[in-house]
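Residue numbers (the numbering used here), protein chains in the order written: chain A, 1142 to 1251; chain B, 42 to 156.
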Amino acid sequence: GIQVEQSPPDLILQEGANSTLRCNFSDSVNNLQWFHQNPWGQLINLFYIPSGTKQNGRLSATTVATERYSLLYISSSQTTDSGVYFCAALPAENDYKLSFGAGTTVTVRA
Amino acid sequence: DAGVIQSPRHEVTEMGQEVTLRCKPISGHNSLFWYRQTMMRGLELLIYFNNNVPIDDSGMPEDRFSAKMPNASFSTLKIQPSEPRDSAVYFCASSYPGLGGNTQYFGPGTRLTVL
């Protein structure tokens, strides 16, 4: 199946800082999703972004499908941004089997 | 619209007992997924239903696990008998192949502890 790698594995931020999370995937994708798993364990959809750029408030994401990577930008981070951010890829040949990366654990300190 | 609904949210049981987890997908979604999340293995797909029919159950760990989808608005995941190594968070997700490109929406999860 498709391999998904995320970096960095851990990130510690001071409140108000900006950061970039990266997701590399090994093959063509039909879809690419970013999730935030909050400290209560809920998996929250942030973006579906097979290509291009999208923005939602302080978060934005860019996927360059031809180069097989996606970036998640967090601007003006807040303590509520803490949690684990997962990238998940839906391969072109098997359009239901999401492959998850290992996640980036983000800690935002006040 | 309500999101994916799962129950119970927490379940503590003893080894050997039967456990049933429940899921109500988002109305209008025709695909349903059961996932398991552990520290060691991350998020794993257990089973995928499309239009209430099981399509891929290759992720179901063993015969102790079974899943059903009797109608478009309800699914169950059953573990019988349960074992301590089944302790994990179980997520249900649903999707629809529309403009969202099979975007999967996850429920809040059921945290299962088997003693």
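Every residue gets a Cβ at the ideal spot worked out from N, C-alpha and C, and that includes glycine.
Buried versus exposed call for residue i [16 or more other C-beta atoms within 10 Å across all chains shown]
i: Pro66 (chain B); result: buried
i: Gly57 (chain B); result: exposed
i: Leu86 (chain B); result: buried
i: Asp1299 (chain A); result: The requested residue 1299 (chain A) is not part of the displayed model; chain A covers only 1142 to 1251.
i: Ala43 (chain B); result: exposed
i: Leu118 (chain B); result: buried
i: Gln1219 (chain A); result: exposed
i: Thr151 (chain B); result: buried
Three-way DSSP call (helix, strand, coil) for residue i in this model
i: Asp1151 (chain A); result: strand
i: Arg152 (chain B); result: strand
i: Glu59 (chain B); result: coil
i: Glu1208 (chain A); result: helix
i: Pro1232 (chain A); result: strand
i: Pro1262 (chain A); result: With chain A covering only 1142 through 1251, there is no way to say anything about residue 1262 (chain A).
i: Arg1163 (chain A); result: strand
i: Asp97 (chain B); result: strand
i: Thr1246 (chain A); result: strand
From the options, residue whose alpha carbon lies closest to that of residue i
i: Leu1187 (chain A); options: A:Pro1180, A:Ser1201, A:Glu1156; result: A:Ser1201
i: Asn1197 (chain A); options: A:Leu1152, A:Asp1151, A:Ser1216, A:Glu1208; result: A:Ser1216
i: Ser135 (chain B); options: B:Asp127, B:Phe106, B:Ser99, B:Trp75; result: B:Trp75
i: Thr1207 (chain A); options: A:Ser1169, A:Gly1182, A:Gly1244, A:Ser1218; result: A:Ser1169
i: Ser68 (chain B); options: B:Tyr146, B:Thr154, B:Asp97; result: B:Tyr146
i: Tyr131 (chain B); options: B:Tyr137, B:Thr79, B:Ser123, B:Glu59; result: B:Thr79
i: Gln1183 (chain A); options: A:Ala1229, A:Val1225, A:Ala1243, A:Asp1236; result: A:Val1225
i: Cys1164 (chain A); options: A:Glu1156, A:Thr1203, A:Ala1251, A:Arg1199; result: A:Thr1203
i: Asn1159 (chain A); options: A:Trp1181, A:Tyr1214, A:Tyr1189, A:Pro1149; result: A:Tyr1214
i: Ser1167 (chain A); options: A:Glu1156, A:Pro1149, A:Ser1240; result: A:Ser1240
Whole-angstrom distance between residue j and residue i, CA atom to CA atom
i: Leu1154 (chain A); j: Ala113 (chain B); result: 43 Å
i: Val53 (chain B); j: Pro125 (chain B); result: 11 Å
i: Lys1238 (chain A); j: Leu1231 (chain A); result: 6 Å
i: Asn71 (chain B); j: Gly148 (chain B); result: 15 Å
i: Arg77 (chain B); j: Ser1192 (chain A); result: 28 Å
i: Ser99 (chain B); j: Ile120 (chain B); result: 16 Å
i: Leu62 (chain B); j: Thr1161 (chain A); result: 37 Å
i: Val1249 (chain A); j: Asp104 (chain B); result: 43 Å
i: Asn1172 (chain A); j: Ser1211 (chain A); result: 11 Å
i: Ala1229 (chain A); j: Glu55 (chain B); result: 34 Å
i: Gly1242 (chain A); j: Trp1175 (chain A); result: 10 Å
Proximal residues of chain C, C-beta to C-beta of residue i below 7 Å
i: Leu84 (chain B); result: In summary, chain C is missing from the structure at hand, where the protein chains are A and B.
Residue i Cβ short of 8 Å to the ligand FMN heavy atom set
i: Asp127 (chain B); result: Absence of the ligand FMN from the depicted structure is noted, as is the absence of any ligand whatsoever, leaving it without description.
Residues of the region 1181-1201 of chain A with Cβ closer than 7 Å to any Cβ of chain B, in chain order: From the region 1181-1201 of chain A, only Gly1182, Gln1183, Leu1184, Asn1186, Tyr1189, Pro1191 have a Cβ closer than 7 Å to chain B.
Between the region 122-149 of chain B and chain A, which residues of the former have a C-beta closer than 9 Å to a C-beta of the latter? Val130, Phe132, Ala134, Ser136, Pro138, Gly141, Gly142, Asn143, Thr144, Gln145, Tyr146, Phe147, Gly148, Pro149
Within 7 Å of chain B by C-beta, residues of the region 1228-1245 of chain A in sequence order
Cβ contacts with chain B: Leu1231, Asp1236, Tyr1237, Lys1238, Leu1239, Phe1241, Ala1243.
Check distances from the C-beta atoms of the region 1148-1180 of chain A to those of chain B and list, in chain order, the residues that come in under 8 Å. Asn1171, Asn1172, Gln1174, Phe1176
The region 66-84 of chain B: which residues have C-beta closer than 7 Å to a C-beta of chain A, in chain order? Ser72, Gly83, Leu84
Proximal residues, the region 49-65 of chain B versus chain A, C-beta separation under 9 Å: Residues of the region 49-65 of chain B whose Cβ lies closer than 9 Å to any Cβ of chain A: none.
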